[in-house]
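Numbering (the numbering used here), first residue to last: 101 to 401.
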Ligand SMILES: C[S@@+](CC[C@H](N)C(=O)[O-])C[C@H]1O[C@@H](n2cnc3c(N)ncnc32)[C@H](O)[C@@H]1O
């Protein structure tokens, strides 16, 4: 029988899987008919849930620094507007690298990383939502046609139990996913396990600058929307170091949450209603760039 803790973790995964399954089936807000309602239960990214009339997902990607040339080669429908940063920009990807994308969604960063690692490299996306994996796999033929590369794949699995061999990955990337995990220390142990000695981490996620009010932590749309499960910046550092990784750098990027609040994203509006007077979501939540390294002598747990 599952322990109470394991059951709670499973319920979180189920809620998240359900939310992102709906998004995978319906597509980004841009693809929905004009005026269509956002997916029920919230989602991560103002381009997904916000008042987006034209290509909001593409605008968000440009705003967080994705190069137009990279975005132009993406298969249609791979960018669902679910990102909160630009991990490929901080990953220093090299030809020949083996890259692992945690929570790859529609394949956005996998398809961006593929041409950077080239024919000798490989990019593996892992996601626990079957509809996301199916959606990403449907885009692979278009990616191959546009780039001439056959170097990406998508595996169904949980980031707490990665379907990836020990010490087989040069770079772990992830975009707005770790906050959704009900067992973040386990995710960091898995990252440390799959990285080769000398391998590196380049992750964008949402994190907290101060604890959120209890009522916000309990909102389902804030969980699926990548906020309620976020942890304090310093707790993130502790988990990474405890997993045995070194050279940890955490860089807050306030732009994303401010722009979500300014776009009058319904979820951020609802969160704002529950914050103390005089405070805004940006006082609590930030996008965070995370880099770290598995040193040759790292003792991983
Ligand atoms: C906010 S979306 C981000 C998708 C993608 N990284 C992007 O930027 O477009 C979160 C994704 O992580 C996946 N996910 C959430 N929790 C997960 C877990 N514990 N294990 C594996 N995948 C997970 C969801 O299914 C969803 O596709």
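Even glycine gets a Cβ: it sits at the ideal position worked out from N, Cα and C. Keep in mind that this is a model prediction, so the values were computed, not measured.
Pick from the options that is closest to residue i, judged by C-alpha positions
| i | options | result |
| --- | --- | --- |
| residue 201 | 238, 158, 177 and 253 | 253 |
| residue 144 | 357, 392, 394 and 382 | 357 |
| residue 369 | 162, 389, 125 and 321 | 321 |
| residue 90 | 312, 106 and 180 | Summary: the structure shown does not reach residue 90, with the chain confined to residues 101 through 401, and so no result is reported for it. |
| residue 353 | 367, 333, 364 and 363 | 333 |
| residue 115 | 256, 389, 348 and 229 | 229 |
| residue 363 | 177, 186, 381 and 194 | 381 |
| residue 232 | 268, 304 and 125 | 125 |
| residue 268 | 165, 291 and 164 | 291 |
| residue 161 | 238, 304 and 367 | 304 |
Exposed unless 16 or more other CB atoms sit within 10 angstroms - verdict on residue i
| i | result |
| --- | --- |
| residue 414 | Since the first and last residues shown for the chain are 101 and 401, residue 414 lies out of range. |
| residue 188 | buried |
| residue 359 | buried |
| residue 342 | exposed |
| residue 110 | exposed |
| residue 235 | buried |
| residue 227 | buried |
| residue 103 | exposed |
| residue 168 | exposed |
| residue 373 | exposed |
| residue 391 | buried |
Separation of residue j from residue i, as counted between CA atoms
| i | j | result |
| --- | --- | --- |
| residue 203 | residue 377 | 35 angstroms |
| residue 206 | residue 184 | 15 angstroms |
| residue 136 | residue 127 | Interpretation of residue 136 is limited by its pLDDT of 39, a score under 50 that renders its predicted location unreliable; no figure is taken from the coordinates. |
| residue 129 | residue 157 | Any answer about residue 129 is weak, because its pLDDT of 42 lies below 50 and its placement is not dependable; what the coordinates show is given next. Distance between the alpha carbons of residue 129 and residue 157 is about 8 angstroms. |
| residue 383 | residue 309 | 7 angstroms |
| residue 386 | residue 307 | 5 angstroms |
| residue 211 | residue 247 | 10 angstroms |
| residue 283 | residue 259 | 9 angstroms |
| residue 270 | residue 293 | 12 angstroms |
| residue 199 | residue 272 | 6 angstroms |
| residue 395 | residue 323 | 33 angstroms |
| residue 311 | residue 261 | 28 angstroms |
| residue 314 | residue 251 | 44 angstroms |
| residue 120 | residue 219 | 31 angstroms |
| residue 173 | residue 217 | 15 angstroms |
| residue 245 | residue 182 | 25 angstroms |
| residue 326 | residue 297 | 31 angstroms |
| residue 301 | residue 112 | 25 angstroms |
| residue 50 | residue 159 | An answer regarding residue 50 cannot be provided, because it is not within the stretch 101 to 401 covered by the chain. |
| residue 118 | residue 319 | 15 angstroms |
| residue 388 | residue 238 | 30 angstroms |
| residue 371 | residue 278 | 20 angstroms |
| residue 266 | residue 375 | 43 angstroms |
| residue 242 | residue 178 | 10 angstroms |
Expected contact under 8 angstroms - CB spacing of residue i and residue j to nearest Å
| i | j | result |
| --- | --- | --- |
| residue 317 | residue 328 | 5 angstroms |
| residue 350 | residue 393 | Contact doesn't hold; Cβ gap of about 14 angstroms is too wide. |
| residue 170 | residue 275 | Incorrect: roughly 14 angstroms between the Cβ atoms, too far for contact. |
| residue 225 | residue 196 | With a Cβ gap of about 19 angstroms, residue 225 and residue 196 do not count as contacting. |
| residue 214 | residue 249 | 6 angstroms |
Proximity test, Cβ basis, 7 angstroms: residue i and chain C
| i | result |
| --- | --- |
| residue 207 | Absent here is chain C; the protein component of the structure consists of one chain. |
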